[in-house]
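Protein chains in written order, with our numbering: chain A, -15 to 321; chain B, -15 to 321. Glycine included, each C-beta is placed from N, C-alpha and C at the ideal position. Heads up: the structure comes next, in C-alpha cells.
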C-alpha cells in the first residue's frame, strides 16, 4: 500500500515537472524567431510580479486594428463587399434605384458611370446598406450575409479569413491577464456581429467607426434604434487615439496594426510610461494571402513602416513568421488560386 | 487520534452548514422589504443554472445612471460645481475674462448680469473648464478639485457622497457575474478619474457625454489629445440607448436611474426578451440627503415615475429602503445641516 502511494506521488511530481519544463506552446502558428521571442518576452516582463516592468492586470490593455491585422482586407475591405452585396439584395425593394445614381450604374454593372460618381457615389452605396433600418435589422443583415457570401479567392465565408496566429495571440494575452480590444476603422456594429465568435472579443470591447442612431418608440410600445445616414465618428488614423480615449479611457500597453491608418494608435500607445509593445503585420505572402505595402490602395503601409524601423517596433513578416495563416489551411483545402 | 479527526471533521461540517444557512448579507445598507426582495429575487432568477430565467454571465449587463443614482446631485450637479470652481482657479491665467462675458459677471458675482447671459452663458463657463487643454491636464484638474473641494452642505469631498447601498448593489451584482457600467449624462472623462475607486467600475465601463478630442504631435515628439470646445455626444434621455448601443453593444438586463433623463434607458432595457430589472431611486429623504421629484430643476422625476408605477418597475424609497445613505454616517459625523 505504502509503496503504491509512493509511486503515485512520484508520478504526480513527474507530471508537475514535465508541465513546468515543457509547457504547451501557446502560439503554435508562429514560427520561432525574433518576432515570436519579442512577443513572449514582453508578456513575461509585464506579468512578472516584482519585476521593474510589471503592469497590474487592470492596466494590461491591448488594442488591435481589424482589417489586415486580425483578418484579411483584400481584394476589398470586407465591409465594402458586404455593402455592395446588400445593395443588390435590397434592390427589389427599391424600384426607384433603377433611375437613380449611383444605384443605376452599380446595379447595371456600368463601371464607367459608376466611376463618374466618384468616391461620393461609393459612399452613397455604403450608406444605403448601413442606414434606414433598426440596429437589430442591420445586425441580422450582417449575419445573413456572412452565412451566404464567399470570398472571391478563397471561396470561404469571410469570417473564416481570420489570421490564426493573431487569434492565438489574443488568447495568449487574455490568458496572461490582458483585456483585448479591437480599435478599427470598420463599423462598430458590423464587427460586433461576428467578433466574439471569431476572436473571443465581446461587443463592449469593440471600438470602431459609427453612424448616428436615433431612439424611436414603436407603434407597439417597443423602442427601436434607427440607423441614420449620418457619420458620427471615424475611428481611423488620428481618430484612433480619440476612440481609445473615449471608449477605453486608458492608454494601451500593446498595440498591433498593419497600415498607416494605425500609425497614430501606435504612437499614442508608445508614448506611455513603462514597457510597451508595438506590432505591425507586414503582408509579404502572396501565395498564402497577399503581398502589399507602400503602393497599396487598401492597407497602405508606408510611413508607419518607416517609423517602426526607426523606433525598433516589431514588424511581422507574414511569410516568414507565420507557420499557418488561416485555420482552414490545416484541413488540407487551401486557396482556390 | 481517530476521535480527534472525527471531531475536526464534524467542526468543519458545522462551519459549512452555518455558512449555507446564514450567508453574510451582501446588501447590509438596504432595509428588508419589497425593494430588497425584488433585487435579490431577480439576481437569483437570472443566475440559477437550468432555470427558465437563466442568463449567461456574458449577457449580464447592468447599467447605472450616475448623478442622483450612484452619487448625490444636489444642490447642483457636481460636474457643474467643478466647472465653476475651475473657472475661478483659471481666472488669473485669463486676464481677458475681466472684460468678457459671461466670465466677468461670474467672477464679479454679478448674478443679474450672469442671469442675462442665460443658459448659453453657463455653457460657456462649463466649456472653458472642459477644453483648451490635453486630456491628461484635464484629468489632473479633476483630481485636484476632488482633493480640495468640499460639498456645501456635507462639508465632505464630493466623491464621498456616493450612495453606500448602491455601492453594495454594484459589488453584489459583480459577485454574481454581472458586468457593471455607468451610463450617465455626465462627462465620460470627468467620471473616469474617480469612478474606479468610488464604485469599482473601470474606465472602459464608463459611458457618458463627450467632447471632441484632437490628436496632436507635440514638439517633443510625444503625442497629446487636445480637448476641443465642441460637444461630440450627449448621453442623456434618448441619447442613453444610443450610448449603450455604441459603447456596450448589448442590451442590459438591469438598469437603474432616478430621473426622466433615464426613462429611455429604462424603456430600452425593459424591451429585451427574458427577465429584466428596472429600478428608480426616489429621493425622499430631506434629513439624510434631499427630497425632490416632479418639480425639481435637477433630477426631475415625473414621466419616468408614472411609467414605473404603471409597469411595476422598482421604485426605491430612499427614506424607507436605505438603512445608510452615505458611508460616513457610520463614523458618527453626519451632515452639518
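For residue 290 (chain A), the enclosing alpha helix (DSSP H) stretches over residues 287 to 295.
In this structure residue 44 (chain A) is buried. Its beta-carbon is surrounded by 16 or more other beta-carbon atoms within 10 angstroms. The continuous beta strand (DSSP E) containing residue 200 (chain A) extends over residues 190 to 201. Looking at the DSSP output, residue 82 (chain B) bridges to nothing.
Residues of the segment 228 to 240 of chain A whose Cβ lies closer than 8 Å to any Cβ of chain B, in chain order: 229, 230, 231, 232, 233 and 234. Within the model, the alpha-carbon separation for residue 272 (chain B) versus residue 310 (chain B) is close to 9 Å. Buried is the label assigned to residue 302 (chain B), since at least 16 other Cβ atoms lie within 10 Å of its Cβ. Residue-level contact check: residue 248 (chain A) touches chain B, since one or more beta carbons of chain B fall below 8 Å from its beta carbon. Around residue 199 (chain A), the beta-carbon contacts reaching into chain B at under 7 Å are 222, 225, 226 and 248.
At a cut-off of 8 Å between beta-carbon atoms, residue 255 (chain A) makes contact with chain B.
Under a 10 Å Cβ-count criterion, residue 236 (chain A) is classified as buried, with 16 or more other Cβ atoms of the shown protein chains found around its own Cβ. Residue 163 (chain B) and residue 189 (chain B) do touch by the CB rule: their CB atoms are close to 7 Å apart, below 8 Å. Bridge partners of residue 184 (chain A) according to DSSP: none are assigned. Of all residues in the segment 173 to 195 of chain B, the ones placed with a Cβ closer than 7 Å to any Cβ belonging to chain A are 176, 186, 187, 188, 190 and 194, in chain order. Nearest in C-alpha terms to residue 210 (chain A), of all of A:223, A:194, A:119 and A:169, is A:119. Fully enclosed alpha helix (DSSP H) runs of no fewer than 4 residues are not present anywhere in the segment 124 to 148 of chain A. Looking at the DSSP output, residue 277 (chain B) bridges to nothing. Residues are counted here when their Cβ sits less than 8 Å from a Cβ of chain A; for the segment 107 to 130 of chain B these are 119, given in chain order.
Chain B has no Cβ within less than 8 Å of the Cβ of residue 284 (chain A). Partner residues in the beta bridge of residue 306 (chain A), as assigned by DSSP, are A:14.
Around the beta carbon of residue 25 (chain B), a 10 Å sphere encloses fewer than 16 other beta carbons of the protein chains shown; the residue is thus reported as exposed. Interface residue (Cβ-Cβ distance to chain A less than 8 Å): residue 42 (chain B) is classified as such. Of the residues assessed, residue 38 (chain A) falls on the exposed side of the cut-off, its CB having fewer than 16 other CB atoms within 10 angstroms. Nearest Cα to residue 40 (chain B) within the set B:145, B:274 and B:259: B:259.
DSSP places residue 262 (chain B) in the uninterrupted beta strand (DSSP E) bounded by 261 to 268. Cβ-Cβ separation between residue 87 (chain B) and residue 71 (chain B): approximately 7 Å, consistent with a contact (criterion under 8 Å). Looking at the DSSP output, residue 55 (chain B) shares a beta bridge with B:51 and B:146. In the same chain as residue 58 (chain A), and ignoring 5 residues on each side of it, the C-beta atoms closer than 7 Å to its own belong to 274 and 282, in chain order. CA-to-CA, the gap between residue 13 (chain B) and residue 63 (chain B) works out to about 27 Å. In this model, residue 182 (chain B) and residue 276 (chain A) are separated by some 49 Å (Cα to Cα). Taking residue 245 (chain B) as the centre and dropping the five residues before and after it, the same chain places the C-beta of 169, 220 and 221 closer than 7 Å to its C-beta, in chain order.
The alpha-carbon separation between residue 204 (chain A) and residue 242 (chain B) amounts to approximately 25 Å. For residue 101 (chain B), no Cβ of chain A is located within less than 8 Å of the residue's own Cβ.
Under the DSSP assignment, residue 253 (chain A) falls in the alpha helix (DSSP H) whose first and last residues are 247 to 254. With a contact defined as Cβ atoms closer than 8 Å, residue 126 (chain A) and residue 253 (chain A) miss out at about 29 Å. For residue 232 (chain B), the secondary structure class from DSSP, reduced to helix, strand or coil, is helix.
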